Ligand code: TRP
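Residue numbers (our numbering): 19 to 470.
Here it is in structure tokens:
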């Protein structure tokens with residue numbers, strides 16, 4: 019295949035921003051706080067940090083490196099890099115394809131809520147610090163089937179349109195500018211939240227661990243979040259790595275993305291938990307937590323409506339960068355393997371997600387009682403992808419890099435930026451990928467699913 023025809027990131031900075039754009043999204047602003055809240059707070063945070071450092075970061079380096087070596091979509095990459103007769107490794111790519119669709123089915127719904135909240139913020143209808151009123155406003159939106167489907171389709175239409183334009187024009191151009199503004203707004207939120215009376219309780223919830231609450235299921239959830247947060251285990255980072263230029267320093271890029279991503283999550287946590295306790299919200303509220311507490315913090319500051327609107331606009335934009343990276347996995351597979359034009363691949367992907375998305379969108383209303391394993395479609399898709407497919411994909415990627423692909427490939431990849439520091443990093447990452455990460459993931463997965 020002629021590699022020069024492949025689109026790619028036009029600069030190393032652009033690649034860094036797009037990779038960061040993939041990592042930062044609803045995972046930081048919505049998933050991190052709700053999971054931290056419903057899994058007991060600081061203890062969960064500690065496990066999440068360990069999972070990010072010992073598993074997330076090395077897996078991220080491994081994925082980007084695989085992509086850049088193969089210069090192909092998630093399925094073809096494994097085919098190309100596997101030794102003769104071991105083409106079966108490409109199942110990792112197909113699992114990623116499936117995971118992307120499952121994640122998008124519920125992610126697009128949450129992004130839809132964010133879009134709807136932009137208009138609610140402007141209208142002033144969510145400007146309240148009263149948990150009851152906030153709960154009713156959220157409930158009205160999510161239980162209304164037409165509103166849920168409508169907003170989901172707004173999200174799918176918009177992002178499908180952007181993805182059709184390709185990597186350098188679509189993804190890179192859109193994710194480039196807005197991260198700093200979101201950061202500034204989050205800091206503003208933190209300041210207000212920390213100055214509320216009763217803020218201390220929220221801080222101790224977030225930072226004083228109670229390890230009695232850390233059960234195997236909590237550990238699995240924290241590991242799943244580490245994968246979800248850094249867009250790992252399903253070929254997103256592999257696909258993005260395939261668009262990196264040869265001079266991109268992969269370990270440095272991965273470390274920067276990890277740190278920046280973590281800062282956004284922590285800021286979101288610091289913005290939310292003091293307010294949760296100050297206003298009497300329920301920390302374990304789950305998916306609704308953010309949609310109730312963030313408006314409450316803004317309502318309690320001057321100019322609240324304007325900042326609140328800006329916040330939801332920026333969160334919507336942040337979700338776009340993450341969604342584009344999710345869509346890119348199936349779109350690249352369909353267009354490179356089946357030679358579909360990019361537009362056709364984008365339409366097929368959006369169509370599949372639209373179908374899967376219906377039960378997810380109706381999970382809080384019309385189909386709330388339809389459950390499998392005790393979970394609604396929304397929760398089931400989330401659990402299956404984050405807690406099973408991503409960790410499983412992670413194990414397989416580690417085994418592939420650690421035991422099949424080996425260290426020679428990564429070291430060759432480092433040749434362009436081969437400082438001694440880099441060599442040390444790559445060897446450490448390789449050790450983690452070969453031994454520590456696959457074992458840790460396997461134990462956590464088996465324990466968390468009570469199979470062990
Ligand atoms: N990391 C994004 C977030 O936290 C979501 C995301 C984008 C993702 N691409 C992914 C999650 C790939 C898992 C796999 O919002």
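Note that beta-carbon positions come from the ideal geometry of N, C-alpha and C, so glycine has one too. Because the structure is a prediction, the values reported are computed rather than measured.
Proximity test, residue 113 beta-carbon vs the ligand ADP heavy atom, cut-off 6 Å: What this structure holds is the ligand TRP, not the ligand ADP.
Span separating the alpha-carbon of residue 393 from that of residue 405: 14 Å
Residue from 339, 152, 134 and 167 with nearest C-alpha to residue 374: 167
Nearest-angstrom Cα separation, counted from residue 26 out to residue 19: For residue 19, the pLDDT reaches just 40, beneath the cut-off of 50, and the residue's location in the model is therefore unreliable, although a value from the coordinates is still provided. Answer to the nearest angstrom: the Cα atoms are 15 Å apart.
Rounded separation between residue 46 and residue 39 - CA only: 12 Å
Entirely enclosed beta strand (DSSP E) segments - the stretch 69 to 112, minimum 3 residues: none
Residues near residue 400 by beta carbon distance below 6 Å, same chain, minus five either side: 124
Extent of the continuous alpha helix (DSSP H) run through residue 167: 163 to 181
Simplified DSSP state of residue 25, which is helix, strand or coil: coil
Residue 393, DSSP secondary structure in three states: strand
Sequence-distant residues of its chain with Cβ nearer than 6 Å to residue 305 (five each side left out): 52
Residue burial classification, residue 29 (beta-carbon count within 10 angstroms, cutoff 16): exposed
Residue 310 - containing alpha helix (DSSP H), residue span: 307 to 317
The stretch 213 to 232 / the stretch 292 to 307 touching (three or more Cβ pairs under 8 Å): yes
The stretch 219 to 235 touching the stretch 304 to 322, judged by at least three CB pairs closer than 8 Å: no
Segment limits, alpha helix (DSSP H) that includes residue 271: 268 to 297
Selection from 83, 316 and 369 that minimises the alpha carbon distance to residue 261: 83
Cβ-based burial, residue 348 [other Cβ within 10 Å; buried from 16]: buried
contact_flag[the stretch 195 to 215, the stretch 349 to 361] where n(CB pairs < 8 Å) is 3 or more: no
Three-state secondary structure assigned by DSSP to residue 351: helix
Other residues of its chain near residue 380: CB distance less than 7 Å, five sequence neighbours each side excluded: 163 and 166
Three-state class that DSSP yields for residue 263 in the structure shown: coil
DSSP state of residue 228 mapped onto helix, strand, coil: coil
Identity of the residue in 422, 466 and 289 nearest residue 104 by Cα: 422
Cβ-heavy atom distance, residue 246 to the ligand TRP, below 6 Å: yes
Residue of 444, 288 and 152 minimising C-alpha distance to residue 211: 288
Residues of its chain near residue 451, where Cβ-Cβ distance is below 6 Å and the 5 sequence neighbours each way are ignored: 76, 80, 416, 419 and 420
Residue 300 (DSSP reduced to helix, strand or coil): coil
8 Å CB neighbourhood of residue 70 in its chain, flanking five on each side removed: 244, 247, 248, 276 and 280
Backbone secondary structure at residue 7 - three-state DSSP: There is no way to answer for residue 7, as the model of the chain reaches only from 19 to 470.
Close Cβ partners of residue 43 (< 7 Å) along its chain, the five nearest in sequence each way excluded: 336, 337, 339 and 340
First and last residue of the uninterrupted alpha helix (DSSP H) at residue 197: 197 to 212
Cβ contact (3+ pairs, closer than 8 Å) linking the stretch 93 to 113 and the stretch 262 to 270: no
Buried versus exposed, by CB contacts within 10 Å (16 or more), residue 389: exposed
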